[in-house]
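Structure follows, in structure tokens:
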């Protein structure tokens, strides 16, 4: 009986330790899936490009408002956020507000 209890306790302890880390990984995956298609306003200067590359590991890819809407309608997913100038972002917001009012 004691031979069975020791391995069972060890297995239970390992499962208790591993369970929170597995739950944390699934939450991180869910958060990542929610941000697979995001757009952020970026400047076009060198410092902003370097900061973006440091944060996401790739050079920024700029899209227009039309390209962002077309990608969303097509179900396209992005691993890192796309960049957009402030003017294009204003166009994107006005496009979505116009569609919401219809």
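Numbering (mature numbering (1 follows the signal peptide of the UniProt record, and there is no 0)), first residue to last: -23 to -1, 1 to 79. We treat Cβ as the ideally placed atom computed from N, Cα and C, and that holds for glycine.
{"Check": "DSSP three-state assignment for residue 54, whether helix, strand or coil", "Outcome": "coil"}
{"Check": "Distance, residue 37 Cα to residue 24 Cα", "Outcome": "12 Å"}
{"Check": "The stretch 62 to 74 / the stretch 32 to 47 touching (three or more Cβ pairs under 8 Å)", "Outcome": "yes"}
{"Check": "C-alpha gap between residue 73 and residue 50, whole angstroms", "Outcome": "13 Å"}
{"Check": "Which of helix, strand or coil DSSP assigns to residue 84", "Outcome": "Absent from the model: residue 84. The displayed extent of the chain is -23 to 79, so no value can be given."}
{"Check": "C-beta contact flag for residue 35 and residue 18 at 8 Å", "Outcome": "no"}
{"Check": "Beta-carbon contacts of residue 60 that lie in its chain and below 8 Å, excluding the five residues immediately before and after", "Outcome": "16, 17, 18, 19, 29, 37, 38, 39, 40"}
{"Check": "Range covered by the alpha helix (DSSP H) that runs through residue 24", "Outcome": "23 to 33"}
{"Check": "Inter-residue CB distance, residue 68 and residue 14 (contact presumed, cutoff 8 Å)", "Outcome": "Their Cβ separation, rounded to whole angstroms, is 17 Å, which puts residue 68 and residue 14 out of contact at 8 Å."}
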